[in-house]
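Student:
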Amino acid sequence: MLVAALNACMMLMFVSFAQSKKLAFVAYESAAEGLLENVDGKYRIIEVNVRPIVVLSSEADIAAARTIMTEVKANCFISNSITADVKLDPQFRMASDVVT
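Residue numbers (our numbering): 7 to 106.
1. Mind checking Ala11: buried by the 16 CB within 10 Å criterion, or exposed?
2. Tell me whether the region 92-99 and the region 44-62 touch, counting them as touching only if at least three CB pairs, one residue from each stretch, are closer than 8 Å.
3. Beta strand (DSSP E) containing Ala38: first to last residue?
4. Can you tell me whether Lys27 is helix, strand or coil according to DSSP?
5. Out of Leu94, Leu18, Phe31, Lys27, point me to the one whose CA is closest to Lys109's CA.
6. What number of angstroms, rounded off, separates the C-alpha of Val54 from the C-alpha of Ser102?
7. Just to confirm before moving on: does the CB-CB distance between Tyr49 and Leu42 stay below 8 Å?
8. Which runs of the alpha helix (DSSP H), 4 residues or longer, sit entirely within the region 57-91?
9. In the DSSP assignment, find the beta strand (DSSP E) that holds Met100 and state where it starts and stops.
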């Protein structure tokens, strides 16, 4: 549940920041996984990998989308509240390249 909450938080922050910066995007999907380890006899998540894919209509929007992802990583309140190492690995694709 923690990994899903973190993934959802990052998605909602991206949508919010994109709206405020007038960045139109075609689609957003994301996968996330957490690494669970036994630390001192207790299980805890030590790492979370979030891999969003943002589909854009223009290559000119990639720089703005990257900037927004940097802001998402810095401002996600869930990732800022946990001790696990959070890794964000976004990919950006063009709508013209996406096969439906």
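Ideal Cβ placement from N, Cα and C applies to all residues, glycine included.
Tutor: Taking the definition as stated:
1. Result: exposed.
2. They touch, by the three-pair rule.
3. Annotation: the continuous beta strand (DSSP E) that includes Ala38 extends over 33-45.
4. Residue state, collapsed to three classes: coil.
5. Since the displayed the chain opens at 7 and closes at 106, residue 109 lies outside it and no answer follows.
6. The straight-line gap from Cα to Cα measures roughly 31 Å.
7. Contact annotation: Tyr49 and Leu42 have beta-carbon atoms nearer than 8 Å.
8. Taken in chain order, the unbroken stretches of alpha helix (DSSP H) that lie wholly in the region 57-91 and span 4 residues or more are 68-81.
9. Per DSSP, the continuous beta strand (DSSP E) segment holding Met100 begins and ends at 97-100.
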